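If you're matching positions, the first sequence starts at 7 in the numbering used here and goes up one per residue. Notes follow the structure.
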Amino acid sequence: MQEKYQASDIEHAAQSDWNAAQTFGVSEASDKPKYYCLSMLPYPSGKLHMGHVRNYTIGDVLSRHYRMRGFNVLQPMGWDAFGLPAENAAMQNNVPPAKWTYDNIAYMKQQLQSLGFALDWKRELATCDPDYYRWNQWFFLRMLEKGIAYKKTQIVNWDPVDQTVLANEQVIEGRGWRTGALVEKRELPGYYLAITQYADELLSSLDDLPGWPERVKTMQANWIGKSTGVRFAFPYDLPAGASANTAVGADVESRLSKAEPLLRREAVLHETPASPPSQSGKLWVYTTRADTIMGVTFCAVAAEHPLATYAAKTSPELAAFIDECKRGSVMEADMATMEKKGMPTGLTVTHPLSGEQIDVWVGNYVLMSYGDGAVMGVPAHDERDFAFAKKYNLPIKQVVAIEGESFSLDGWQDWYGDKQRGHCINSGKYDGMDYAAAVAAIADDLKSLNLGEAKVHFRLRDWGVSRQRYWGCPIPLIHCEACGTVPVPDDQLPVLLPQDCVPDGSGNPLNKREDFVNCVCPKCGKPARRETDTMDTFVDSSWYYARYCAPGAKTMVDARTNYWMPVDQYIGGIEHAILHLLYSRFWTKVMRDCGLVNYAEPFKNLLTQGMVLNHIFSRRNEKGGIEYFAPDEVEIKHDDGGRIVSVTAKSDGLAVNYDGVGTMSKSKRNGVDPQSLIDQYGADTARFFMMFAAPPEQTLEWSDTGVEGGFRFLRRVWAMGHSIHTAGVAMNVPTKLPEGLAASRREVHLLLRQANYDLGKFQFNTVASAAMKMLNALEKMPAGDGRAAVMTECFGILIRVLSPITPHIAHVLWHELGYGDDVLNATWPEPLEAALAQDEEELVLQINGKLRGAIKVKVGADKSAIEQIALASEVTQKYLDGQTAKKVIVVPGRLVNIVV
RNA sequence: GCCACGGUGGAGAAAUCGGUAAACUCAGCAGACUUAAAAUCUGCCGGCCACCAGGCCUUGCGGGUUCAAGUCCCGCCCGUGGUACCA
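Listed below in structure tokens is the structure:
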């Protein structure tokens, strides 16, 4: 055995042992219980960053731990290989996204292997591989048949200079990131998946996930946003002589509220039919505050609303305002924080209950894609409406009062929006009713007028899956002049994505690929055009976990999927708490309803890793676009307090903005490559430090201060192994040990108990601490009869506790010291009762809640015995000073508190 | 803006059910070993007061509940994640 700790030798030796024995290849043929441990698959951005190391080490620690606990453990890996960064890299380097992606995969795979993760590489997949994405296409067609997939208008960010659709990430302060041009909203047809059909189940089955963090379930529930309210209409008649072919009126309700399934069974896709013109109609709105309906003083519609379009035909000012509304990004955060503006349409609608005429405004804060694209305005009881009414001098009518509160038009007060405590006033027959009674009565009245009814509403919107991009899974549809939109027949799948396009930033290059676009209609055989939109990459990651279970299957999934699924432990960043996890849950439920799988939820237990953060540096370029600098490309000056005062680029010495800390990402160029850490200290140190730095769920600002400490620890572990090896191992700890030895042994077993408890809580930082404390105890082990046996026993515990975190050193030490063949086949250690036993214990002594001393009592002593010892103690006597204690609180095993 | 989470020494952090605040580690300081350096080992290491014994204060800020609060409740401030086309 080597005397010095040589990480690279040890790691190569361990990894070649694992490769030779195919240690981590698993199958369904096992009599052990299965354990499917899955980490979220990485986007192949080029190099691993610290967030990956953290994520995959957590998964590996769990996998190895469960394996030693006797489970048949599957831990696969793959690549989320489609997506935007590949197109950006292509533009920058003139390399096709395919080549860039596969090169990155090769490099990152080698990095993952060098970290020694216990992965079954036979199951590796890349989502850009046709063998994978053909099943996206196949399943999309099944969704069409079920009426889940459909087509409707979507609103996207449009860069007028590059003439291209921008992702939200590419819009910075309302401008295109490359061109600096003001972004516009543009309407395009797109494909949607009706996730709202599953809204109720997605919400209620959160209760079937006790192994999920409460915070994630809360976020999902809020996102789905089930509310009960009233959907009702303001009837109207348009002035005579209005344009006869304007699409307003009765159709507004059907076009906006009911998604049109594009395909039922064999039927051919049909577009949304042109709406018949109509002079009278209903303006539909939804509200959770129907009790305030008598306080409506205006209505507001979205800029894209048919009534707005209609009114704009005769009003250039309104047309200009609607144009202005269409500027800016489509992001919710922007919409919510922008200045609320409006303009009257000149149209009025009729209040359904009072018959009053109500002005219709266009509001820039009303979203066409949410509900019916219109809202009622009750300024007295909605903060946003209040501000809007004050700004435009609209009437404010109080219709809810609370005892002891006085209403004033001067400013908003929180109680105006309170629905718990109030009762209706100024509301005619509803006066005096509380919230629930008023809503029920008003819903009834609206229903009898045929102008509305109580309705359950979800905040959740259908999932738009169309992307006007090249590097993604082609949507398997064909557009034929005669037959309309026709699905690609199953036997013609997959629709292959050409591998050699290089995007140039101006739209989807597929549009220019005649060999891709030109095809024949599967129905009539005439020349037709292929759909060039590709799928959202969240489609790819919505079911990959099921495919890992069935590598090489000639179907989407097979029986092996039902063996391994659901995932027993899913691990990934908290940033996926809503979208990815919700889409995967939805996809699973549709697969179940198609009879493909027999489970309803994909992830039984979820561990959400905190983000690894690093500093972000950026600069505006001449065009007004934005450019990011990596932390090692800038020079930073700090003040005395350590605050950053100035940053300059090393390249040109000019100033750079400091944008604070944020999650490590390719686009912000603030990722830290773990490679130098691995090269300098080895994989075990990198893994150990990552686990030791903080608990997994916690956000972690990156700093490599302290890596050295992990390395020193492993070197001491190795030295301890070497000295035990030299001194000779000894079995069988004697039943009678000298006091000092027994105490040290007890300490190690206590630490083991702590480590096992912490492993159950995924608190790996304190498991690493416990291992360090064990080594400290071993190094201080006193002399005495049986020392060699105690050392052997305790070091064996330490190696096994360490093995999931630092598997290489554990593998070699276990074998070298002759504990057994492979530490992975060893049984997980449990503390021994005999080692833990003690006669006396120390309790804390408090006087008036303050620490004043300690007392020794027999283990298991009853409360009154402890109380007597405490009262008799010198410290107590001193503080009592002759008086009697007012109260004595005894917490067995912990403390005694005496109240004087 | 809205939803969720977090804030403890110079730094990363620990404190399991409301019960000893700061375990373990880094950085720093002092010492041992050494011709020297590195490595290693030993001790100290929140603040104030005190000769000592010890005392007082301290978990972002302000209140509250309790024998006892980092932990529970109320109100703020700051940071991070998400906000539906980054993944």
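For every residue, glycine included, the Cβ atom is placed at its ideal position computed from N, Cα and C. Every value quoted in this text rests on a predicted model; they were computed, and no experiment measured them.
Using C-beta distances below 7 angstroms, list every residue in its chain close to residue i, excluding the 5 sequence neighbours before and after it, in chain order.
i, result
"Asp-542", "Val-471 and Arg-473"
"Thr-294", "Ser-233 and Gly-235"
"Ala-273", "Legend: pLDDT at Ala-273 = 31, less than 50; position of this residue unreliable, no value from coordinates given."
"Ala-92", "Pro-103, Trp-106, Thr-107 and Trp-477"
"Leu-262", "Interpretation of Leu-262 is limited by its pLDDT of 35, a score under 50 that renders its predicted location unreliable; no figure is taken from the coordinates."
"Pro-533", "Asn-524 and Val-526"
"Ile-632", "Ile-178, Trp-183, Ser-624 and Arg-626"
Can you check which of these residues, the options, is closest to residue i by C-alpha distance?
i, options, result
"Gln-404", "Lys-397, Tyr-398 and Gln-419", "Gln-419"
"Asn-25", "Thr-298, Ser-14, Glu-848 and Gln-119", "Gln-119"
"Ser-671", "Thr-705, Phe-694, Met-617 and Ser-682", "Met-617"
"Gly-716", "Pro-701, Thr-741, Ile-730 and Leu-683", "Leu-683"
"Tyr-376", "Thr-798, Asp-468 and Leu-613", "Asp-468"
"Phe-698", "Val-545, Tyr-589, Arg-60 and Gly-186", "Arg-60"
"Leu-823", "Ala-342, Pro-835, Thr-882 and Met-737", "Met-737"
"Gln-12", "Tyr-687, Glu-190 and Asn-831", "Tyr-687"
"Leu-503", "Phe-88, Ser-33 and Gly-84", "Phe-88"
"Pro-241", "Lys-288, Ala-395, Tyr-197 and Met-114", "Lys-288"
"Val-896", "Gly-666, Asp-329, Ser-870 and Arg-752", "Ser-870"
"Ala-488", "Ser-512, Gly-511, Lys-529 and Leu-452", "Lys-529"
"Asn-94", "Tyr-72, Asn-514 and Leu-466", "Asn-514"
"His-311", "Thr-320, Ala-339, Asn-370 and Ala-296", "Asn-370"
"Met-4", "Met-726, Asp-86 and Leu-455", "Here the chain has residues from 7 to 906 only, and residue 4 is not among them."
"Asp-168", "Pro-509, Arg-721, Gly-601 and Gly-790", "Pro-509"
Looking only at DSSP bridge pairs, what is residue i linked to?
i, result
"Val-492", "Ile-484"
"Ile-161", "Glu-193"
"Ala-239", "Trp-290"
"Pro-350", "Trp-367"
"Asn-771", "DSSP, once it has assigned bridges, lists no residue as partnering Asn-771."
"Ala-155", "Leu-199"
"Ser-335", "In DSSP, Ser-335 forms no bridge with anything."
"Pro-533", "Val-526"
"Met-114", "Its beta-bridge partners do not exist; DSSP assigns none."
"Phe-635", "Phe-623"
Quick check: residue i and residue j, are their CB atoms within less than 7 angstroms of each other?
i, j, result
"Thr-540", "Arg-475", "yes"
"Leu-209", "Ala-689", "no"
"Asp-1", "Tyr-41", "The requested residue 1 does not occur in the structure, where the chain is confined to residues 7 to 906."
"Arg-536", "Val-526", "no"
"Val-773", "Asp-764", "yes"
"Arg-237", "Tyr-156", "no"
"Asn-78", "Ser-51", "no"
"Lys-191", "Val-336", "yes"
"Gln-117", "Leu-47", "no"
"Ser-908", "Trp-593", "With the chain represented from 7 up to 906, any question about residue 908 goes unanswered, as that position is not in the structure."
"Val-603", "Phe-635", "no"
"Ala-132", "Trp-85", "yes"
"Leu-849", "Val-863", "yes"
Which same chain residues end up closer than 6 angstroms to residue i when comparing Cβ atoms and leaving out the 5 residues on each side of it in sequence?
i, result
"Pro-267", "Unreliable placement is indicated for Pro-267, whose pLDDT of 42 sits below 50; the coordinate value is still reported in the next sentence. Same-chain partners within the cutoff: Gly-153 and Tyr-156."
"Glu-259", "Confidence at Glu-259 is low in this model, with a pLDDT of 37, below 50, so the placement of that residue should be treated as unreliable; the coordinate-derived value is given next. Once the five neighbours on either side are set aside, the close Cβ partners of Glu-259 are Trp-290."
"Leu-499", "Arg-140, Gln-143 and Trp-144"
"Gly-859", "Leu-851 and Val-881"
"Trp-724", "Tyr-11"
"Glu-847", "Val-865"
"Asp-391", "Gly-383, Val-384 and Pro-385"
"Cys-331", "Ala-309 and Asn-370"
Using a Cβ-Cβ cut-off of 8 angstroms (strictly less than) and excluding sequence neighbours within five positions of residue i, which residues of its own chain qualify?
i, result
"Met-349", "Glu-323, Leu-324, Phe-327, Trp-367 and Val-368"
"Asp-496", "Trp-144 and Leu-147"
"Ile-64", "Ser-45, Ile-577, Leu-613, Gln-615, Met-697, Pro-702, Phe-768 and Phe-770"
"Ser-33", "none"
"Val-494", "Gln-143, Leu-147, Pro-482, Leu-483, Ile-484, Val-501 and Pro-528"
"Ser-14", "Gly-688"
- Message: Check whether the stretch 799–814 and the stretch 12–21 are in contact - that is, three or more C-beta pairs closer than 8 angstroms.
- Response: A contact exists between the stretch 799–814 and the stretch 12–21.
- Query: Looking at C-beta atoms only, is the number of pairs between the stretch 214–226 and the stretch 568–586 that lie closer than 8 angstroms three or more?
  - Reply: Between the stretch 214–226 and the stretch 568–586 there are three or more C-beta pairs closer than 8 angstroms, enough to call the two in contact.
- Task: Specify whether the stretch 194–211 and the stretch 419–431 touch according to this definition: at least 3 beta carbon pairs, one from each stretch, less than 8 angstroms apart.
- Result: No: the two stretches stay apart, fewer than three of their Cβ pairs being nearer than 8 angstroms.
- Message: Does the stretch 295–303 come into contact with the stretch 448–455, if we say contact requires no fewer than three beta-carbon pairs (one atom in each stretch) closer than 8 angstroms?
- Response: Flag = yes, the stretch 295–303 and the stretch 448–455 touch.
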